[in-house]
Amino acid sequence: MLFHNKKIYLIIAATTFLVGILYYTWREEWIIIRHPWWHAHQDKITPNAYTKKKITIYAWYNNQWIQEQNDAIWSENNEAENIKHLTQASLNLLFEEEIIKKKIHVETTLNTADNSEFIIIFDRNPFSKQLSIHEKHMIIESILKTLRTNNVQNSKIRFLVNHQPLIDAHLDFLQSWPIEGFL
Amino acid sequence: MLSPSGHAQDTGRPLLDGFERGATRQLAEEVKKKLEKKLSARIILTHNAGEVITQEQKASFANRLNIDLYIALTIYNDDSLAINPYYYKNEAFNPVVNDRLTFYPTQKAYLQSAQKTAAIVQQDIFSKKYLTTFKINKPVGIPVKLLEGVTTSAFLFEISIKKIDDILTYVKPLTHAIRKIIDVIS
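Residue numbers (our numbering), protein chains in the order written: chain H, 1 to 183; chain Y, 184 to 369.
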């Protein structure tokens, strides 16, 4: 009887040990369990909808619009990502043409909760102190024209630097700018 | 009312020989002198040389005095001479003015004179004879801070200079333009 009980205890101990090891390896993601139904469900939620697209970038240079065609990885369902690509491409062109003197990166682009405006956050102020109002205005118009031409739907854009308002001595960025611009 | 850029704690843009603060003050004083000779109008500067002043204070001063016209002046260095006129606007389309609106936030103050400003913008403010000396751009409506909060018609003239003496060449065209604006609004 005693021997029989010992055997049961051994089986229980070995089973719980094995279950414990399996649970631990699953928790640590050493083994991954994927049910076919769950896999299909996940694919439905996040479809891999990226395409290669030609985008047109604009910059105001020597009193005229210049344009450049670029290839971009275009998301079908993430407009914020597309706006980030377009704004960065526009800033790169402005930097290459020496319209802006500093290399500016787009940190983040966000859509507001009510979808009424897009927020573009730069890593630093794109304007140097010497720039004229005309030059600063046309830098912003270049970005807005690039967004408009590539079918960005939102009507208003707000510009921030490091998650703080973009402070400029001449232009007011405490309010959002219409995507149509002011020209 | 003439508003030169900068104040006691803000020099404005660095120019090749000096700062924007001093250059715009010199220009404003010359324009004031010339206008007072030609017009029977009282010309006021927003602040004295040693004062510290914010745009809100300038706008409040202008609104309390019930002035007829507000002109802001800015200067920058460039290889050519140019005049860029601006007026205040913060919406892409022409705004609908609500007559019953009694409280205006600072950024909507311009709505009170939007129709008058539009009438001025339709005119050629600057005489064509100056086009040989200066590049004169068309007035553009943008959310420009230096005109914010002013309820009467307000314009910003941004001029470019190669050297500090170029300021004096702008006195005549600016005086003519201001007189033309006064003719339209009166």
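Here a beta-carbon is modelled for each residue, glycine too, at the ideal position from N, C-alpha and C.
Residue i: contacting residues in chain H (beta-carbon distance under 7 Å)
i: Y/I319; result: Going along chain H, no residue has its Cβ under 7 Å from Y/I319, so there is no contact; the nearest lies around 12 Å.
i: Y/P326; result: L171, D172, Q175
Residue i to residue j span [Cα, whole Å]
i: Y/Q238; j: H/E97; result: 34 Å
i: H/E68; j: Y/I368; result: 45 Å
i: H/A49; j: H/I33; result: 25 Å
i: Y/L264; j: Y/T334; result: 30 Å
i: H/I121; j: H/S176; result: 13 Å
i: Y/V304; j: Y/P322; result: 6 Å
i: Y/I258; j: Y/F338; result: 14 Å
i: Y/P326; j: H/D114; result: 24 Å
i: Y/D261; j: H/I99; result: 14 Å
i: Y/A245; j: Y/S336; result: 11 Å
i: Y/V235; j: Y/E213; result: 22 Å
i: Y/I344; j: H/T112; result: 42 Å
i: Y/D209; j: H/Q153; result: For the sequence presented, residue 209 of chain Y should be read as Gln rather than Asp. Near 47 Å, if we compare the C-alpha coordinates of H/Q153 and Y/Q209.
i: H/L160; j: H/F173; result: 8 Å
i: H/N63; j: Y/I319; result: 13 Å
i: Y/T194; j: Y/R204; result: 5 Å
i: Y/N231; j: Y/Q240; result: 13 Å
i: Y/A191; j: H/E79; result: 46 Å
i: Y/D307; j: Y/K328; result: 24 Å
i: Y/E341; j: Y/N267; result: 5 Å
i: Y/I364; j: H/I133; result: 22 Å
i: H/T108; j: H/R158; result: 12 Å
i: Y/Y222; j: H/E117; result: Here residue 222 of chain Y is Leu; the residue named in the question, Tyr, does not match the sequence. Rounded to the nearest angstrom, the two C-alpha atoms are 47 Å apart.
i: H/I73; j: H/I83; result: 12 Å
Residue i in three-state terms, based on DSSP
i: Y/L218; result: helix
i: Y/A255; result: strand
i: Y/P356; result: helix
i: Y/I227; result: coil
i: Y/V327; result: strand
i: H/H105; result: coil
i: H/V19; result: helix
i: H/H4; result: helix
i: Y/Q295; result: helix
i: Y/N249; result: coil
i: Y/D366; result: helix
i: Y/K346; result: coil
i: H/R27; result: helix
i: H/K156; result: strand
i: Y/V304; result: helix
i: Y/Q209; result: helix
i: H/A89; result: helix
i: H/L183; result: coil
i: H/A113; result: coil
i: H/I100; result: coil
i: Y/K318; result: strand
Contacts that residue i makes with chain Y (C-beta to C-beta distance below 7 Å)
i: H/Q153; result: Going along chain Y, no residue has its Cβ under 7 Å from H/Q153, so there is no contact; the nearest lies around 15 Å.
i: H/H163; result: Per Cβ cutoff of 7 Å: no residues; H/H163 is ~21 Å from chain Y at best.
Neighbour list for residue i in chain H, Cβ cutoff strictly below 9 Å
i: Y/P197; result: K129, Q130
i: Y/L185; result: What Y/L185 touches in chain H: nothing, since even the nearest Cβ is about 17 Å away.
i: Y/Q428; result: Residue numbering for chain Y in the displayed model covers 184 to 369; residue 428 of chain Y lies beyond these limits and cannot be assessed.
Close-in-space but distant-in-sequence residues of the same chain around residue i (CB under 8 Å, 5 per side omitted)
i: H/K136; result: F127, D168, H170, L171
i: Y/I347; result: L198, L199, D200, G201, A206
i: Y/I250; result: M184, I227, T335
Cβ-based neighbour list, residue i, same chain, cut-off 7 Å, excluding 5 preceding and 5 following
i: H/T149; result: T56, Y58
i: H/I31; result: T25
i: H/K54; result: Q69, D71
i: H/L94; result: A59, I100, I139, S142
i: Y/D349; result: L264
Neighbourhood of residue i by C-beta, 6 Å cutoff - its chain only, sequence neighbours within 5 removed
i: H/T146; result: I57, Y58, L86, S90
i: Y/A242; result: G332, V333
i: H/E81; result: S75
i: Y/T300; result: Y270, S336
i: H/H105; result: D123
i: H/K6; result: none
i: Y/P187; result: T207, R208, A211, L256
i: Y/Q290; result: N273
i: Y/R196; result: E203, Y259
i: Y/Y293; result: Y271
i: Y/Q295; result: T334
Amino acids of chain Y, ordered along the chain, whose beta-carbon sits closer than 9 Å to that of residue i
i: H/D118; result: The amino acid occupying residue 118 of chain H in the given sequence is Phe; Asp does not appear at that position. In chain order: nothing, as chain Y lies at least about 15 Å away.
Neighbouring residues, chain H, relative to residue i (Cβ below 8 Å)
i: Y/E126; result: As shown, chain Y starts at 184 and ends at 369. That puts residue 126 of chain Y outside it, with no answer to give.
i: Y/Y353; result: Result: empty, since nearest Cβ-Cβ is about 15 Å, beyond 8 Å.
i: Y/Q209; result: Those do not exist, as Y/Q209 stays about 19 Å from chain H at its closest Cβ, beyond 8 Å.
Where residue i meets chain Y, residues with beta-carbon distance less than 8 Å
i: H/H137; result: V323, I325
Any non-hydrogen atom of the ligand GTP closer than 6 Å to residue i Cβ
i: H/I33; result: Absent from the structure shown: the ligand GTP. Ligands present: none.
### Query
Is there contact here, the stretch 217-226 of chain Y with the stretch 349-358 of chain Y, by at least three beta-carbon pairs under 8 Å?
yes
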